[in-house]
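Novice: Going by our numbering, 1455 is the number at position 540 of the sequence shown; the sequence numbering is gapless.
Take a look at this one; I'll ask things after.
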Amino acid sequence: IFGYLAWDIWAPLTTRFLQLVRKDEAMALNALQRAYVVMRTLRKLVVYGCAKPYKSTDHMNFVEQLFQRLRQCLELRYELKVGSATPGTATILTELERFVIKMMKTLNELMERHSVSFARFVPVALEFSFHYVFHEGTALIFDAGDRINFKNFAIQALNMLKGIMLSGNDSISAPPEGGAHIEDELLASAAQSQAKFFTAERVTYICEKIVTHYFLLTQQELEEWQQDPEGYDQDDGGGDAWKYALRPSVETLYFTCFTQHSQVMIPEVLRFVRRAQQLQLTPESDLKAILLKDAIYNAVGQAAFHFFNKLDFGAWLTSQLLAELRVEALNFRILRRRIIWLVGHWVGVQLPRELRPLAYEACLHLLRPQEDMPTRLAAARTLNLLIDDFEFMPEAFHPYFPSLFEALFLLLHEAGECDTKIVVLGTMTLLVEKMSEYIEPQALQFIAYLPLLWRESEEHDLLRCAIIGTLEQLVRTIRDVPEPMKPFLYSVIELSTDLQVSDFLCLIPYAIHFFLFIYNKNFYIVESVLSPAGNTEYPVSKTWNVCVDSWPSTQVVTIADNT
């Protein structure tokens, strides 16, 4: 089946498309769409349909053919974009890009699931990816103004480079014990290809291109910053974001370069740091210089732990960074946000204790209402890292605590997005925990605001979970809950354990944990609290059973005996 689909259907259709695209657009489009449908099936057969593809001549020839077709399609795409447009050009371009991405995904999935089979193609895959995202081939996916016009392809190519580089510690370069002779040869050959490709000069070149090109904020990103400040600042670099977004994919490749080639990367990035230190900016400095500094600071922060004892961050902070953070020019908001982000990344590396008050002052400065939202949120995240660090000292932080808590409270009130409120609320909750000896005046104001926040969060389960966690921390901290607030606490528990509420499964573990704490603290327990499911037709025992696994067994027994 595979051979028939690959050589009797897919290959002729692809050839037919390439031949007809300049003669008959309608026929060419028809051939391309059919080739794409077949490609979807071939992708599944290559990745999941064969245990050892390297033993199949058809499979190996097909993978080799993919690289050739990719080059042809990328060249054709470039010609169509720069040539004279016809009515069908836009449709063909869209379908052609889908076809290219499907082929790239096939190669990447083969690399992930069948590393031994992919080992044969490591040399061509390295040259292919490097050529199009870092070298001469970039002309095919970038406009004249260095604006990328085929982002999804760049993501796939960057991920291919990263995957091969990471496999240097894994299956491509390390033959399995007892493996067959041919597998050993394939893996050894792949390891040699990697060593030959990733020379010091090549790694240096990749580092320079990442920092001076891919790390620069684009005009589109700056427009998103302006149009949707809260949405722009959402942290999307975690999880599998590197598979689907350009910046996370570049950042993961950059970090992989550090883990695999730190001896080359560290001196190269330090060279950029010296360049940034020599570049003195003024409020009148042009945007290009500011963006370059932002990219360099990003490069340092992304690999902060690799610069332990390699970079005197304290001296750099006091001699340059804090001064740049105080510049109020409009474009300097880019650097203000990046510098406070960099401070946060350095907290767990080597931030001297005597410099932490300067970091607190910097956070307070950037939490001002007149600062833009992404910068304020970056300051809130950095403050969270500072107070969650094992070297945090409440006594040293106390002079800054009232002002910072008030600034966070104002930010929480002004934030409109659920994710933003969760970030700020998390920082405030941590402050309540760490500053329990000094919190009571601020806590009363905070707890009075939470009923309003609870009403506003009706459609946001995660925010309500965060509010319940905050309530528990506040109750732990203050000596007694104000009498007017007790009905609110009880109503939160009752609503969150109501089996008729559609989102009760999300809320109930937090509510039960909060209820247990209140019960053990011997607050006045009204009947609605003792029967969290009392406003439903379900018996209390069913509510307990939903979350019994999350309770300490001794507390479960105590509750059962008393109720």
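Cβ atoms here follow ideal geometry from the backbone N, Cα and C, with glycine treated the same way.
Kindly provide the ranges of any alpha helix (DSSP H) runs that are 4 or more residues long and lie completely inside the region 1153–1177, ordered along the chain.
Specialist: none
Novice: Report yes if the CB atom of L962 is closer than 7 Å to the CB atom of R1028, and no otherwise.
Specialist: Note that residue 962 is Val in the sequence shown here, rather than Leu. Against a cut-off of 7 Å, the Cβ pair of R1028 and V962 comes out as a contact.
Novice: In terms of DSSP beta bridges, what is F1057 paired with?
Specialist: According to DSSP, residue pairing for F1057 in a beta bridge involves I1063.
Novice: Do L1323 and R1379 have their C-beta atoms within less than 7 Å of each other?
Specialist: no
Novice: Using only the alpha-carbon positions, how far apart do K1349 and M1343 sit?
Specialist: 10 Å
Novice: Determine, using beta carbons only, whether F1130 and A1219 come nearer to each other than 7 Å.
Specialist: no
Novice: F1045 and I1056 look like a contact to me (Cβ under 8 Å); what is the Cβ gap, rounded to whole Å?
Specialist: Wrong, their Cβ atoms sit about 13 Å apart, outside the cutoff.
Novice: Which whole-angstrom value describes the C-beta separation of T1167 and W1157, a residue pair presumed to lie in contact below a C-beta threshold of 8 Å?
Specialist: That belief holds up - the Cβ atoms of T1167 and W1157 are roughly 4 Å apart, short of 8 Å.
Novice: Could you tell me which of G1229, R1186, K1401 and F1223 sits nearest to K1208, measuring between CA atoms?
Specialist: R1186
Novice: Check whether the Cβ atoms of I1249 and I1205 sit closer than 7 Å, and answer yes or no.
Specialist: If you check the CB distance, I1249 and I1205 come in under 7 Å.
Novice: Quick check on T1197: does DSSP put it in helix, strand or coil?
Specialist: coil
Novice: Using 8 Å for Cβ pairs, my map puts V1165 next to L1298. What's the rounded Cβ distance?
Specialist: About 27 Å; that fails the 8 Å criterion.
Novice: Using alpha carbons as the reference points, say which of L1359, C1333 and N976 lies closest to G1146.
Specialist: C1333
Novice: In or out: T1412 buried (at least 16 other Cβ within 10 Å) or exposed?
Specialist: buried
Novice: In or out: D1387 buried (at least 16 other Cβ within 10 Å) or exposed?
Specialist: The sequence shown places Glu at residue 1387, not Asp. It is buried - the Cβ of E1387 has at least 16 other Cβ atoms within 10 Å.
Novice: Name the two residues that bound the continuous alpha helix (DSSP H) containing K1480.
Specialist: Residue 1480 cannot be examined here, being either before or after the span of the chain that is shown, 916 to 1478.
Novice: By the 10 Å Cβ neighbour count, where 16 or more other Cβ atoms means buried, how is I1097 classified, buried or exposed?
Specialist: exposed
Novice: Is the separation between the beta-carbon of I1362 and that of L1389 shorter than 7 Å?
Specialist: yes
Novice: Put C965 into one of helix, strand or coil per three-state DSSP.
Specialist: coil
Novice: Closer than 6 Å by C-beta to E1024: which residues in its own chain qualify, once you throw out the five before and the five after it? Chain order, please.
Specialist: Correct list, in chain order: V962.
Novice: Thinking C-beta only, is V1118 closer than 7 Å to V1179?
Specialist: yes
Novice: If I measure Cβ to Cβ from Y1275 and keep anything under 8 Å in the same chain, skipping five residues before and after, which residues do I get?
Specialist: L1298, L1301, F1312, Y1315 and L1319
Novice: Comparing alpha-carbon positions, which option in I1016, D1058, S1030 and D1227 lies nearest N1067?
Specialist: When only C-alpha atoms are compared, the closest one is I1016.
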